[in-house]
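Counting from 1, one number per residue, gives the positions in the sequence shown under the UniProt record's numbering.
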Amino acid sequence: MTIKFKGVEKLIGPIASLLAFVYLFQWYIFGDLQSKIDPIFERKNPPLVMKDGDPYIRALMRTISFSESNTPRPYSVLYGGKQVNDLSRHPQICVTIVNGPNKGNCSTAAGRYQIINTTWYDIAPRYHPHPPGLRFWHSYSFDAEYQDVVVYRWLNDSKVWGVDISQQLRNGKLNDVLRRLSPTWTSLGYGIETNSNTRFLPQVYQKVLQEELALANKPTVNNPQALPAPPSSNSLPDSQQIR
């Protein structure tokens, strides 16, 4: 039996087009299509774009990026060193690995913390400060500040790592922290892909920690007192390997 919709089916196309236009317009207005200018710094291992936060976690993040993306343009760098211009979402470009234990495979690692696309899809819904406007659309801006915020909140989540990383750092247990994070960032000294920067990580951490502590203790109009404790974190399934 054939059911006639008396012309209703003719409206499906125009309605779908209108909905698509409204969604794209909303997406544009909220900035997801407008990737901010990729910051270019005068030196390698620059300060974070994200403002404020726990100086110990901030120093750890800069230490991770020293090993993973030590370039004046860390937020747009792909695995292998090439740059991308669009940070409106994770680049999802799989670059062939030419040496090491994973030679012949490819990696989608991107940004200051060399996060692969599947890991970004796991952590962004939990920690991204500006989720997509529509629930069924799972694209999260990969702009520099958002990379910082997502990784900062991730590292602050003791349920993920099984330990309070900030407290570990305050207790001087940097090596324990690096060892714990090595399955995720394999260049931290206890993984399978160390590099020429790995052996300098303890010195780098101490240097940037002093910078971050000085910045945190500097009185400002908005924050004349000591830096507040980091916000409580959300739960996240077991961490994944970034590379």
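Even for Gly, the Cβ is constructed at its ideal location relative to N, Cα and C.
Fair warning: this is a prediction, and the values are worked out from it, not measured in the lab.
Neighbour-count burial assignment, Val163, 16 or more Cβ in a 10 Å radius | Here residue 163 refers to the residue found at position 163 of the sequence shown. So Val163 ends up on the exposed side.
Burial state of Pro224 (16 or more Cβ within 10 Å) = On the sequence shown, residue 224 is found 224 positions in, with the first residue counted as 1. Unreliable placement is indicated for Pro224, whose pLDDT of 41 sits below 50; the coordinate value is still reported in the next sentence. By the 10 Å Cβ count, Pro224 comes out exposed.
Have a look at Val95, Asp38 and Gln114 and flag the residue whose alpha-carbon is nearest the alpha-carbon of Ile64.
-> For the purposes of this step, residue 64 is taken as the residue at position 64 of the sequence shown. Closest option to Ile64, Cα to Cα, is Gln114.
Assigned secondary structure, Ser107 (DSSP; H/G/I helix, E/B strand, else coil) | Position 107 of the sequence shown holds residue 107. Strand at Ser107.
So, Cys94 versus Thr108, is the Cβ gap smaller than 7 Å?
-> Along the sequence shown, one-based indexing puts residue 94 at 94. Along the sequence shown, one-based indexing puts residue 108 at 108. Yes. Within cutoff.
Kindly list the residues whose CB is nearer than 6 Å to the CB of Trp120, restricted to its own chain and excluding five residues on each side of it in sequence; keep chain order.
-> For the purposes of this step, residue 120 is taken as the residue at position 120 of the sequence shown. Excluding sequence neighbours, Trp120 sits near His90.
CA-CA distance, Pro131 and Thr198?
-> In the sequence shown, counting from the first residue as 1, residue 131 sits at position 131. In the sequence shown, counting from the first residue as 1, residue 198 sits at position 198. Pro131 and Thr198: Cα-Cα distance of roughly 34 Å.
Pick out whichever of Asn117, Gly191 and Val208 has its Cα sitting closest to the Cα of Asn102.
-> Residue numbering aside, residue 102 sits at position 102 when the sequence shown is read from its first letter. Out of Asn117, Gly191 and Val208, Gly191 has the C-alpha closest to the C-alpha of Asn102.
Jot down the residue ranges of each uninterrupted alpha helix (DSSP H) in the stretch 128-182, minimum 4 residues, whole runs only, in chain order.
-> 144-155, 158-161, 165-170 and 174-181
Would Tyr146 count as contacting chain C if we go by Cβ distances under 7 Å?
-> No chain C appears in the structure shown, which is made up of a single protein chain.
Please name the residue or residues paired with Ile115 in a DSSP beta bridge.
-> Locating residue 115 in the sequence shown gives position 115, where the first residue counts as 1. Ile115 pairs with Ala110.
Do three or more CB pairs link the stretch 74-93 to the stretch 52-62 at distances below 8 Å?
-> no
If I'm right that Val204 touches Phe66 with Cβ under 8 Å, what's the distance once you round it to whole angstroms?
-> Along the sequence shown, one-based indexing puts residue 204 at 204. Along the sequence shown, one-based indexing puts residue 66 at 66. Confirmed, about 5 Å.
Look up Val95 in the DSSP assignment and give the residues it is bridged to.
-> Here residue 95 refers to the residue found at position 95 of the sequence shown. Val95 pairs with Ser107.
By how many angstroms is the C-alpha of Arg126 removed from the C-alpha of Glu145?
-> Position 145 of the sequence shown, counted from the first residue, corresponds to residue 145. Position 126 of the sequence shown, counted from the first residue, corresponds to residue 126. Distance between the alpha carbons of Glu145 and Arg126: 16 Å.
Starting from Phe66, follow the alpha helix (DSSP H) in both directions and report where the run begins and ends.
-> On the sequence shown, position 66 is the one that residue 66 refers to. Pro55 to Glu68 is the extent of the alpha helix (DSSP H) around Phe66.
Per DSSP, which residues does Leu78 bridge with? Please list them.
-> As a position in the sequence shown, residue 78 is number 78, starting the count at 1. BP columns for Leu78 point to Ala110.
Measuring alpha carbon to alpha carbon, tell me which of Asn85, Ala216 and Asn156 ends up nearest Ser166.
-> Working through the sequence shown from its first residue, we reach residue 166 at position 166. It is Asn156.
From Asn105 to Thr96, what distance separates their C-alpha atoms?
-> Working through the sequence shown from its first residue, we reach residue 105 at position 105. Working through the sequence shown from its first residue, we reach residue 96 at position 96. Whole-angstrom Cα-Cα distance: 6 Å.
Reference Ser141, options Lys82, Gln92, Ile40 and Leu215, closest by Cα | Here the question's residue 141 lines up with position 141 in the sequence shown. Looking at the Cα atoms, Gln92 is the closest of the given residues.
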